[in-house]
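**Student:** Next up is a structure, given as structure tokens.
Chains as they are written, first to last, in the working numbering: chain S, 17 to 484; chain Y, 17 to 484.
In structure tokens form, the structure reads like this:
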């Protein structure tokens with residue numbers, strides 16, 4: 017049967033676009049090397065019609081389907097399971113790279129799932145528009161279909177919202193192969209249940225997003241960046257509220273960086289340097305942007321100057337090189353961690369007002385249980401989204417620490433839950449957390465999710481073992 | 017059985033809070049007088065627990081449930097059906113008026129379904145925050161539960177989004193009486209299907225929203241208003257794109273008003289007057305707002321001045337009285353129409369770039385079929401949302417015209433569909449359009465909606481005959 021299936025798939029998409037065995041292997045493991053599985057084939061359809069035909073074929077044969085874009089998931093969401101009762105086929109959408117249309121007056125564009133985020137941003141910019149989703153580390157590789165399926169976040173959420181907020185319409189191939197054309201480009205449409213929001217963030221478990229109508233925005237012309245040393249996370253939260261009241265939507269980023277992050281970056285990236293004369297424990301990098309060409313650094317300095325005692329020092333610039341140098345201190349954190357060694361990563365969120373309590377409680381609980389633990393904490397204060405990655409500075413101790421990661425997760429996630437937070441703010445559940453979530457979501461909510469899954473995918477073929 | 021039911025209801029919520037017969041009648045008809053039905057009782061629960069108990073009781077007895085807030089629906093969405101196979105009970109949430117909490121630092125507040133929109137805006141303002149949903153004509157009466165259930169629009173959508181964009185979390189009583197607590201106040205949470213978006217805009221057909229966590233925003237400190245005479249709707253659309261690029265998110269309203277609207281307002285409201293020396297065919301009223309105290313009228317004048325030939329005349333002010341006088345020309349349109357006589361109302365949307373084509377095609381088609389027809393067209397250009405209300409100036413002719421409203425709807429809606437629009441931009445489907453939508457939505461989309469309805473409400477008890 018597999019060989020018949022391969023032949024049928026080749027007939028549908030062309031022999032060159034079906035990979036098997038060794039050729040398929042690179043698409044069956046995730047980028048971090050944490051997850052790998054096996055697939056009968058990796059299929060590369062050219063268009064929505066081919067996706068539909070491939071899904072219909074798999075559905076008829078009860079073969080599970082793993083939708084895949086740039087395969088940049090951090091949770092094993094886009095690769096086949098290592099062990100699955102059903103055989104699996106990966107449907108990779110990277111060939112579907114068409115910008116179907118752009119409507120600058122409607123501030124919208126229609127794109128296919130395989131367009132990289134960088135390409136979409138570039139085409140928007142050529143039309144004097146901004147597509148604000150920004151994931152600088154991976155945007156040349158990640159594809160919009162994956163961004164939509166995971167409701168990607170990033171540094172621009174504070175100003176522009178999550179990916180789901182940037183979508184006007186979707187085209188989706190359903191688990192039986194039929195195509196739902198929901199490619200509307202309307203700002204208002206109250207004619208029934210909002211189906212697009214079901215598919216966005218569903219991690220490919222309800223269907224395959226093949227195209228989308230995206231919202232565009234005016235392009236900012238001026239910007240200013242501040243690097244601010246703060247007493248503590250509580251000052252950061254208060255400063256953000258103060259800045260929102262004083263600068264409104266000009267705030268396009270507000271990122272916190274803890275001392276241990278800075279130490280790692282300074283150690284591993286020789287082109288970086290301490291921004292302040294003194295060693296500071298907490299800093300935030302703030303960006304204002306405006307579509308009008310105005311001197312934003314004046315407004316930013318004034319707003320920072322009127323804040324009060326929580327600020328220990330601040331620097332403001334409109335110079336691009338200086339701004340980039342500060343931003344590198346934030347952008348290099350992930351790579352600096354990689355060089356330093358493995359840590360236990362948490363992508364959590366709490367209400368913004370609970371961020372200081374989260375950091376304080378989690379730090380104290382971990383220090384008690386694991387004396388000497390080093391905590392790399394950074395992220396998106398405006399979204400209450402902290403990347404919270406503990407490790408042990410000593411490699412031997414760290415190996416032992418990593419072996420106890422379930423215990424560490426339990427400590428961190430229980431505090432998150434107590435503060436009404438989420439154990440996955442932006443990376444999704446994938447394989448990594450789809451069991452852990454059972455501890456933190458109510459039985460009723462899980463039942464509702466399961467019922468929706470069963471309704472849309474009664475055979476349970478779409479991306480099994482992920483999310484739900 | 018009904019008398020037993022009434023007793024049980026009285027035990028659950030108190031005898032004073034169950035109305036029957038004549039006392040119930042006012043809650044069984046809509047505000048426009050177009051729809052009326054009969055209910056065994058109208059029940060006023062005090063809290064979520066009581067809503068849950070009442071729903072469970074009705075579900076056990078197969079009694080249909082009509083959720084009701086301020087009963088300001090324009091589509092008969094919040095009253096019982098005139099004829100229904102099942103007996104119906106209205107659950108009115110007006111007693112649930114608690115502001116449960118406000119978190120100014122998190123820019124969020126948690127409110128119960130029965131809070132009026134005006135009250136919520138007032139409490140937000142007292143905390144130096146803005147809740148931006150604005151429905152000036154009804155906001156002292158409409159309740160947030162209804163606003164959420166219909167995904168209400170209004171003039172602020174251009175800047176702040178529809179109601180669904182203003183929600184962080186929900187509490188919902190499900191059709192079997194269980195309570196789903198989704199009252200999260202997180203900006204990022206990627207842990208499964210986004211259930212809240214299913215209930216928002218579902219018009220009470222999937223459950224009863226009992227509370228919500230709403231997003232708040234910084235309060236604007238400065239504003240400027242422009243009254244602009246334009247050559248045609250195409251100039252209005254181009255001007256909006258130009259202003260977005262030049263003023264960005266400062267644009268908080270951009271409303272178009274056609275000549276016939278202005279004529280009706282000037283005729284019926286003696287305190288209004290022509291804004292320009294010459295009689296103009298099309299005008300827009302624009303508002304800029306900013307959280308910084310800056311002279312926005314300068315920026316607005318500059319942006320208007322650089323636009324070009326589409327503008328015939330423009331006036332700009334920062335004076336509140338002058339601004340209010342212009343806004344009255346927009347706000348009084350609905351009442352002026354009421355005084356003038358009945359028209360056939362359409363609340364439609366198309367992509368913003370298609371607005372000129374819509375007005376041109378619909379005007380031409382209606383003039384051909386109904387020579388002399390008077391078209392009152394106004395609304396939210398930025399959302400592509402036009403209120404398009406034709407009537408005949410002569411009362412006798414108008415009676416004949418109204419009798420042919422199905423024909424008129426067909427002409428208008430078919431043009432909307434051809435331009436990829438929606439036949440209900442902001443008012444919802446209710447009873448008014450829940451059959452009409454079958455012509456304009458794909459069979460597949462209707463099937464998906466029906467499947468979701470059956471999954472969440474297998475007995476079909478929630479607000480029957482509305483939306484689906």
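Idealized CB from N, CA, C, for every residue including glycine.
(1) What do you get for residue 303 of chain S, buried or exposed, if any count of 16 or more other CB atoms within 10 angstroms of its CB means buried?
(2) Report buried or exposed for residue 382 of chain Y, applying the criterion of at least 16 other Cβ atoms within 10 angstroms of its Cβ.
(3) Taking 7 Å as the CB-CB cut-off, is residue 429 of chain S touching chain Y?
(4) Going by CA-CA distance only, name the one from Y:215, Y:324, Y:33 and Y:250 that's closest to residue 105 of chain Y.
(5) Pull out every residue of the stretch 23-55 of chain S whose Cβ sits closer than 7 Å to any Cβ of chain Y, in chain order.
(6) By Cβ distance below 7 Å, which residues in the same chain neighbour residue 118 of chain S in space, the five residues on each side in sequence not counted?
(7) Say whether chain Y places a C-beta atom closer than 7 Å to the C-beta of residue 298 of chain S.
(8) Pair every Cβ in the stretch 321-334 of chain Y with every Cβ in the stretch 238-247 of chain Y, then say whether three or more of these pairs are closer than 8 Å.
(9) For residue 468 of chain Y, which residues of its own chain have a beta-carbon under 8 Å away from its beta-carbon, when the five flanking residues on both sides are left out?
(10) Along the beta strand (DSSP E) that carries residue 184 of chain Y, what are the first and last residues, could you check?
(11) Could you spell out where the alpha helix (DSSP H) holding residue 471 of chain S opens and where it closes?
(12) Please report the Cβ distance between residue 443 of chain S and residue 171 of chain S, rounded to the nearest whole angstrom; I am assuming they are in contact, meaning their Cβ atoms lie under 8 Å.
(13) Is the beta carbon of residue 85 of chain Y less than 7 Å from the beta carbon of residue 159 of chain Y?
(14) Select from Y:389, Y:294 and Y:454 the residue whose C-alpha is nearest the C-alpha of residue 424 of chain Y.
(15) Whether or not the stretch 66-85 of chain Y and the stretch 144-154 of chain Y are in contact is what I'm after, with contact meaning three or more pairs of Cβ atoms, one per stretch, closer than 8 Å; do they touch?
(16) Output yes or no for whether 7 Å exceeds the beta carbon distance between residue 228 of chain S and residue 183 of chain S.
(17) Are the Cβ atoms of residue 346 of chain S and residue 301 of chain S separated by less than 7 Å?
(18) My guess is that residue 8 of chain Y and residue 448 of chain Y are in contact by the Cβ rule of under 8 Å, so how many angstroms apart are they, rounded?
(19) Using 10 angstroms around the beta-carbon of residue 179 of chain Y, count the other beta-carbons present and answer buried if the total reaches 16, otherwise exposed.
(20) Could you tell me the alpha carbon to alpha carbon distance between residue 64 of chain S and residue 380 of chain Y, rounded to whole angstroms?
(21) With a threshold of 16 other CB atoms inside 10 Å of the CB of residue 314 of chain Y, please say whether the residue is buried or exposed.
(22) Beta-carbon separation of residue 374 of chain S and residue 277 of chain S under 7 Å?
(23) Whether or not the stretch 402-418 of chain S and the stretch 364-371 of chain S are in contact is what I'm after, with contact meaning three or more pairs of Cβ atoms, one per stretch, closer than 8 Å; do they touch?
(24) Thinking C-alpha only, which one of Y:141, Y:115, Y:123 and Y:155 is nearest residue 134 of chain Y?
(25) Please name the residue, chosen from S:216, S:206, S:157 and S:201, that lies closest to residue 164 of chain S on a Cα-to-Cα basis.
(26) Within the 7 Å Cβ cut-off, does residue 438 of chain Y reach chain S?
(27) Applying the 10 Å Cβ sphere with the 16-neighbour rule, what's the burial state of residue 434 of chain Y?
(28) Report the three-state DSSP secondary structure of residue 157 of chain S (helix, strand or coil).
(29) Rounding to the nearest angstrom, what Cα-Cα distance links residue 344 of chain S and residue 273 of chain Y in this structure?
(30) Using the rule of at least 16 other Cβ atoms within 10 Å of the residue's Cβ for burial, across every protein chain shown, is residue 470 of chain Y buried or exposed?
(31) From residue 349 of chain Y to residue 355 of chain Y, what does the alpha carbon distance come to, in whole angstroms?
(32) Report the residues of the stretch 190-214 of chain Y with a CB closer than 9 Å to any CB of chain S, ordered along the chain.
(33) Taking only beta-carbon positions, decide if residue 307 of chain S is within less than 7 Å of chain Y.
(34) Using the Cα positions of residue 416 of chain Y and residue 450 of chain Y, report the straight-line distance between them to the nearest angstrom.
(35) Can you find the residues in the same chain that come closer than 8 Å, C-beta to C-beta, to residue 248 of chain S, ignoring five residues on each side of it along the sequence?
(36) Kindly indicate the opening and closing residues of the alpha helix (DSSP H) around residue 57 of chain Y.
**Tutor:** This is what the structure holds:
(1) By the C-beta density criterion, residue 303 of chain S is buried, having at least 16 other C-beta atoms within 10 angstroms.
(2) Buried: at least 16 other Cβ atoms inside 10 Å.
(3) Answer no: the Cβ-Cβ gap between residue 429 of chain S and chain Y never drops below 7 Å.
(4) That would be Y:33, whose Cα lies nearest to the Cα of residue 105 of chain Y.
(5) Going along the stretch 23-55 of chain S in chain order, one finds no residue with a Cβ nearer than 7 Å to chain Y.
(6) Here the set comprises 125, 139 and 143.
(7) Chain Y, which has no Cβ nearer than 7 Å to the Cβ of residue 298 of chain S, makes this no.
(8) Taking a contact to require three or more Cβ pairs closer than 8 Å, the stretch 321-334 of chain Y and the stretch 238-247 of chain Y qualify as touching.
(9) Take residue 468 of chain Y, set aside five residues on each side of it, and the residues of its chain with a beta-carbon closer than 8 Å to its own are 214 and 222, in chain order.
(10) Following the DSSP letters along the chain, one finds residue 184 of chain Y inside the beta strand (DSSP E) bounded by residues 183-189.
(11) That run of the alpha helix (DSSP H) goes 459-472.
(12) Distance from residue 443 of chain S to residue 171 of chain S at the Cβ level is roughly 15 Å; contact not present, criterion being Cβ atoms closer than 8 Å.
(13) Result yes, Cβ atoms of residue 85 of chain Y and residue 159 of chain Y sit closer than 7 Å.
(14) If we check each option's Cα against that of residue 424 of chain Y, Y:389 comes out closest.
(15) Verdict: no, contact absent.
(16) For the pair residue 228 of chain S and residue 183 of chain S, the CB atoms are nearer than the 7 Å cut-off.
(17) Closer than 7 Å, so yes.
(18) In the structure as shown, chain Y begins at 17 and stops at 484. Residue 8 of chain Y is therefore absent and cannot be evaluated.
(19) When all chains shown are included, residue 179 of chain Y counts as buried.
(20) Approximately 37 Å, taken between the alpha carbons.
(21) Here residue 314 of chain Y is exposed: its Cβ has fewer than 16 other Cβ atoms, across all protein chains shown, within 10 Å.
(22) In this structure, residue 277 of chain S does not lie closer than 7 Å to residue 374 of chain S by Cβ.
(23) Contact holds: three or more Cβ-Cβ distances are below 8 Å.
(24) Measuring from the Cα of residue 134 of chain Y, the nearest candidate turns out to be Y:155.
(25) With distances taken between Cα atoms, residue 164 of chain S lies closest to S:216.
(26) Chain S, which has a Cβ nearer than 7 Å to the Cβ of residue 438 of chain Y, makes this yes.
(27) Classification of residue 434 of chain Y: exposed, given that the 10 Å Cβ count is below 16.
(28) In the structure shown, residue 157 of chain S adopts coil according to DSSP, grouped into three states.
(29) Taking the straight line from one Cα to the other gives about 50 Å.
(30) Classification of residue 470 of chain Y: exposed, given that the 10 Å Cβ count is below 16.
(31) Each residue's Cα considered, the two are about 10 Å apart.
(32) Residues 190, 194, 195, 196, 197, 198, 199, 200, 201, 202, 203, 204, 205, 206, 207, 208, 209, 210, 211, 212, 213 and 214.
(33) Interface residue, yes.
(34) Taking the straight line from one Cα to the other gives about 25 Å.
(35) Excluding residues within five positions, the ones whose Cβ falls inside 8 Å are 297, 298, 326 and 372.
(36) Residue 57 of chain Y -> not in any alpha helix (DSSP H); beta strand (DSSP E) instead, spanning 57-59.
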